[in-house]
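Visitor:
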């Protein structure tokens, strides 16, 4: 008996377009693949070979809903080699499970997100929670790693393969700009760098700053953005971060101070560039059945209403510096995620987007449709990205001020938006929010756009920190206080059936000592 895999077909030759995707199939016999037509049409020797078109990106058809039930994160700090990834992952994971009021024994699957580290760092972190023999996936997708982990977890839950997934992102980075460690093989972004060399040339500035700075230059040349517009983005992000207790930087700067900071690569000054960071963040994802069994937690559950992971389009190498930074994949992913969530971008009031540099925030505002095309700078000038404007972008302070520990970044964005939709971010809340959007991008490339809604369908309203502390597993409001946990609290979430003191070593003591 033959197994058939349908392909999407564009046509066989000029003037003769075949209808339907089932005309060409792959019969599989004894492990061998044979090409075979099924429509009775026989090709002639002088006809051109069949050509095919790729599937258009569409919103995935989810089988079941997926909710974020718990989130947690560490403070993001300057890399100094004082904290190991085992501690960062442990702290974030424990906080997320306490927030979700679950025990590790209830987790079906673990997803570890990191870029810098040896293989199976995920197991090293997760074994500290318990050695329950669940599947543990190690994910690396450059700067979009954390959101890629969320996407993987959601896919498993929506596909019925899991009821509860713990996603933990962590990164222990080196000081200074990003660097590659494998000089004996092709760099995955090497073709991107060569296109930059061919179009804009190479300078002594850090590579990422050049790439994103060049995209900013092109936006200036094409649409009329000014240096002040990029500086204003950074000024706003730094101002936002003073209300986020987890931010690496919490200093406020004037527009003049941002513009007069050390120039890295025009239009980017130092205060418009994200730092390298150490940090961790985590989320507990659950199914409808899991949530239904815990009705008392439904008011804190947040639905992943739409989500799309996209990679680069061929336009990446169109010789446009904007396209070279993944503009097209962001645009495609946003459209798909919003469509799946049944949300119009005009209804999104809170956004966490990938502002690794102010120039990227500018082009992402455009790609997401937050502004009219070519008018992102006007949107910024009209206070469209901060309180009192059309929406708030990066209330956490964004990567520029909060920090950017690669594997944790996407999960920290998730935590921020979950806290907003719950009403817990009461010192920086956009009251009445019904939908929030997350954008996390990595060169190389991949982007994940996620749309969140409250599970109960209500608008968010501020909840007092006192009330939050009484009912959650932490005893305080984690959205406004970067505090720790007690040994008794840790005991609540570590495995009751497969805890290993040998795997845990002295991590718990090290983490608790920092509090």
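In UniProt numbering, the protein residues as written are 1 to 515. Glycine residues also receive a C-beta, built at the ideal position from the N, C-alpha and C atoms.
1. Is it buried or exposed, residue 509, if we count other Cβ atoms within 10 angstroms and call 16 or more buried?
2. Determine the direct distance from the alpha carbon of residue 469 to that of residue 477, and round the result to whole angstroms.
3. With distances taken between CB atoms, is the gap from residue 286 to residue 479 smaller than 8 Å?
4. Along the beta strand (DSSP E) that carries residue 327, what are the first and last residues, could you check?
5. What residue does the alpha helix (DSSP H) around residue 402 start on, and which one ends it?
6. What's the C-alpha gap between residue 550 and residue 191?
7. Does residue 344 pass the burial test, meaning 16 or more other C-beta atoms within 10 Å, or should it be called exposed?
8. With 16 as the cutoff for other CB atoms within 10 Å, does residue 255 come out buried or exposed?
9. Using CA atoms only, rank isn't needed, just tell me which of 296, 291, 488 is closest to residue 66.
10. Do residue 338 and residue 453 have their beta-carbon atoms positioned less than 8 Å apart in this structure?
11. Comparing C-alpha positions only, which one of 103, 167, 326, 491 sits nearest to residue 125?
12. Tell me which same chain residues have a C-beta within less than 6 Å of the C-beta of residue 384, skipping the five on either side of it?
13. May I have the straight-line CA-CA distance separating residue 451 from residue 328, to the nearest angstrom?
14. Got a sec, what are the start and stop residues for the alpha helix (DSSP H) residue 520 sits in?
15. Does at least one heavy atom of the ligand GDP sit under 7 Å from the Cβ of residue 429?
16. Would residue 202 be called buried (16 or more neighbouring beta carbons within 10 Å of its own) or exposed?
17. Using only CA atoms, which one of 398, 434, 195 lies nearest to residue 318?
18. I'd like to know if the region 73 to 82 and the region 113 to 125 are in contact, where contact means that at least 3 CB-CB pairs between them fall below 8 Å.
19. Rounded to the nearest angstrom, what separates residue 93 and residue 200 at their Cα positions?
20. Skipping 5 residues on each side, what residues in its chain have a beta carbon closer than 6 Å to that of residue 315?
21. Measure from the alpha carbon of residue 226 to the alpha carbon of each residue in 375, 141, 236, then state which is nearest.
22. List the DSSP bridge partners of residue 393.
23. Considering just the uninterrupted stretch of the beta strand (DSSP E) at residue 142, what are its terminal residues?
24. Do residue 457 and residue 145 have their C-beta atoms closer together than 8 Å?
25. Leaving out five residues before and five after residue 395 in sequence, what residues of the same chain have Cβ atoms less than 6 Å from its Cβ?
26. According to DSSP, which residues form a beta bridge with residue 435?
27. If I'm right that residue 280 touches residue 88 with Cβ under 8 Å, what's the distance once you round it to whole angstroms?
28. For a minimum of 3 consecutive residues, which ranges assigned as the beta strand (DSSP E) are wholly contained in the region 93 to 155?
29. If I measure Cβ to Cβ from residue 377 and keep anything under 6 Å in the same chain, skipping five residues before and after, which residues do I get?
30. Among 160, 189, 101, which residue has its Cα nearest to the Cα of residue 443?
31. To the nearest angstrom, report how far apart residue 307 and residue 449 are at their CA atoms.
Guide: Quick answer:
1. On the chain shown, position 509 is the one that residue 509 refers to. Exposed, since its Cβ has fewer than 16 Cβ neighbours within 10 Å.
2. Residue 477 sits at position 477 when you count from the first residue of the chain shown. Residue 469 sits at position 469 when you count from the first residue of the chain shown. One C-alpha to the other measures close to 6 Å.
3. Here residue 286 is taken as the residue at index 286 of the chain shown, counted from 1. Here residue 479 is taken as the residue at index 479 of the chain shown, counted from 1. No.
4. Start at 1 with the first residue of the chain shown, and residue 327 comes out as number 327. Element bounds for residue 327: not the beta strand (DSSP E) but the alpha helix (DSSP H), 327 to 341.
5. Residue numbering aside, residue 402 sits at position 402 when the chain shown is read from its first letter. Element bounds for residue 402: 398 to 402.
6. Lying before the first or after the last residue shown, residue 550 is absent from the chain, which here runs from 1 to 515.
7. Stepping through the chain shown from its first residue, residue 344 is reached at position 344. Answer is exposed; the Cβ neighbour count stays below 16.
8. As a first step, residue 255 is located in the chain shown; it is residue number 255 there, counting from the start. Answer is exposed; the Cβ neighbour count stays below 16.
9. Position 66 of the chain shown holds residue 66. Checking every option, the nearest Cα to that of residue 66 belongs to 291.
10. In the chain shown, counting from the first residue as 1, residue 453 sits at position 453. In the chain shown, counting from the first residue as 1, residue 338 sits at position 338. Going by C-beta atoms, residue 453 is not nearer than 8 Å to residue 338.
11. Here residue 125 is taken as the residue at index 125 of the chain shown, counted from 1. When each option's Cα is compared against that of residue 125, the closest is 167.
12. Here the question's residue 384 lines up with position 384 in the chain shown. So the qualifying residues of the chain are 390.
13. Taking the chain shown and counting its residues from 1, one reaches residue 451 at position 451. Taking the chain shown and counting its residues from 1, one reaches residue 328 at position 328. If I take the Cα positions, the gap works out to 18 Å.
14. A query on residue 520 cannot be resolved here, the shown segment of the chain reaching from 1 to 515 and no further.
15. No copy of the ligand GDP occurs in the structure displayed, which carries no ligand at all.
16. Taking the first residue of the chain shown as 1, we reach residue 202 at position 202. By the 10 Å Cβ count, residue 202 comes out exposed.
17. Locating residue 318 in the chain shown gives position 318, where the first residue counts as 1. Comparing Cα-Cα distances from residue 318 to each of 398, 434, 195, the minimum goes to 195.
18. no
19. Your numbering for residue 93 matches position 93 in the chain shown. Your numbering for residue 200 matches position 200 in the chain shown. Whole-angstrom Cα-Cα distance: 43 Å.
20. Against the chain shown, residue 315 aligns to sequence position 315. 323, 328, listed in sequence order.
21. Counting from 1 along the chain shown, the entry for residue 226 is found at position 226. For the residues 375, 141, 236, the minimum Cα distance to residue 226 belongs to 375.
22. Position 393 of the chain shown, counted from the start, is the residue given in the question as residue 393. 351, per the DSSP bridge assignment.
23. Translated into the one-based positions of the chain shown, residue 142 becomes position 142. Note, residue 142: premise wrong, no beta strand (DSSP E); not H, not E.
24. Translated into positions along the chain shown, residue 457 becomes position 457. Translated into positions along the chain shown, residue 145 becomes position 145. Cβ atoms of residue 457 and residue 145: not closer than 8 Å.
25. Working through the chain shown from its first residue, we reach residue 395 at position 395. 240, 428.
26. The count along the chain shown starts at 1 and reaches residue 435 at position 435. BP columns for residue 435 point to 453.
27. Here residue 280 corresponds to residue number 280 of the chain shown, with the count starting at 1. Here residue 88 corresponds to residue number 88 of the chain shown, with the count starting at 1. Right, their Cβ atoms sit about 3 Å apart.
28. 109 to 113, 136 to 139
29. Start at 1 with the first residue of the chain shown, and residue 377 comes out as number 377. Closer than 6 Å at Cβ, skipping near neighbours: 225, 229.
30. Walking along the chain shown from the start, residue 443 turns up at place 443. That would be 189, whose Cα lies nearest to the Cα of residue 443.
31. Numbered from its first residue, the chain shown carries residue 307 at position 307. Numbered from its first residue, the chain shown carries residue 449 at position 449. Between residue 307 and residue 449, the C-alpha separation is close to 6 Å.
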